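Line by line, the protein sequences give chains B and G.
For the first sequence, the numbering used here puts the final residue at 46, and the numbers step up evenly by one.
For the second sequence, the numbering used here puts the final residue at 208, and the numbers step up evenly by one.
Right, one structure below, let's go through it.
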Amino acid sequence: TEVPVGHDEL
Amino acid sequence: MNLFRLFGDLSHLASIFILLHKIYTTRSCRGISFKTQALYVAVFVSRYIDFTYISVYNTLMKLFFIGSSCYILYLMRIKYRPTHDPSIDTFRVEYLVGPCVLLGLIFNYQFTVIEVLWSFSIFLESVAILPQLFMLQRTGEAETITTHYLAALGAYRALYIPNWIYRYFTEGTVDPIAVTAGLVQTGLYLDFFYVYFTKVMQGQKFELPA
């Protein structure tokens, strides 16, 4: 598993 | 984007419109914690200044949350100032901000200003509702519209949880900082949700047992 890049969540 | 996240974001949007509606129709910000609202400004400003382009949706939402939270502070501090009673809004915010700064410095994905601010904002958001809940606890009751605001706000982070589970299975991604803080944030609402579902949804007034 990876951390989602660029923080696409609000 | 999945439905859980979309509905989570819509619930967040709805909560802000409910709050504005409450302030406008009652011409008062009674029952609303200024401290919680000020913490949300800190949360949105520290999280959304990264200027990373994701999508039009993302940018518009970020602008909306920064703009509306500042506007609510203006309403509370200037326009409807006399309707706010600071003597019941007594939660000590420094006990929240201090530890969140520390947590942000310790737990982050990269030791850069932007990333530390992002982590800080995630931790701060998870506890930003405490002054509001504390105020509710002190007064022991709330206007129904205020409870709808809180329910929509709580539903927002609650809906992010199935979103993370969905993303784990579809994209294989996990964001441990957001998930941990999100679980804490949702947990803080449990008591409130219990009273909301057993009383307000049955048409009764929101009143805490003495």
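For each residue, glycine too, the CB sits at the ideal point set by N, CA and C.
Please read all numbers here as calculations on a predicted model, not as lab measurements.
CA nearest to the CA of residue i, picked from the options
i, options, result
"Tyr78(G)", "Thr184(G), Gly138(G), Leu17(G), Ile21(G)", "Ile21(G)"
"Asn0(G)", "Thr34(G), Tyr166(G), Ala149(G)", "Tyr166(G)"
"Trp116(G)", "Ser67(G), Gly201(G), Phe42(G), Ala150(G)", "Phe42(G)"
"Phe195(G)", "Val172(G), Lys60(G), Ala150(G), Val182(G)", "Ala150(G)"
"Ala140(G)", "Pro207(G), Gln35(G), Arg75(G), Arg155(G)", "Pro207(G)"
Contact belief for residue i with residue j at Cβ below 8 angstroms, rounded distance in angstroms
i, j, result
"Phe157(G)", "Ser9(G)", "According to the sequence provided, residue 157(G) is Leu. The question's Phe does not apply to it. Between Ser9(G) and Leu157(G) the Cβ distance is about 6 angstroms, and since that is below 8 angstroms, they are a contact."
"Ser31(G)", "Met133(G)", "5 angstroms"
"Thr142(G)", "Ile159(G)", "With a Cβ gap of about 26 angstroms, Thr142(G) and Ile159(G) do not count as contacting."
"Phe190(G)", "Gly138(G)", "Contact flag wrong, Cβ pair sits at about 13 angstroms."
"Thr81(G)", "Arg28(G)", "5 angstroms"
Contact under 8 angstroms by Cβ, residue i with residue j
i, j, result
"Leu37(G)", "Ala176(G)", "no"
"Gly42(B)", "Thr50(G)", "yes"
"Ser44(G)", "Ser119(G)", "yes"
"Phe2(G)", "Tyr187(G)", "no"
"Val111(G)", "Lys33(G)", "no"
"Val99(G)", "Thr145(G)", "no"
Residue i classed as buried or exposed, judged by whether at least 16 other C-beta atoms fall within 10 angstroms
i, result
"Lys203(G)", "exposed"
"Tyr147(G)", "buried"
"Leu122(G)", "buried"
"Tyr93(G)", "exposed"
"Arg25(G)", "exposed"
"Phe15(G)", "exposed"
"Ser85(G)", "exposed"
"Asp83(G)", "exposed"
"Glu169(G)", "exposed"
"Phe63(G)", "buried"
"Gly6(G)", "buried"
"Gly102(G)", "buried"
Short CB-CB distance (under 8 angstroms) between residue i and chain D
i, result
"Met59(G)", "The structure shown contains no chain D; its protein chains are B and G."
Endpoints, the alpha helix (DSSP H) within which residue i is located
i, result
"Lys197(G)", "Segment: none, Lys197(G) is in no alpha helix (DSSP H) and carries neither H nor E."
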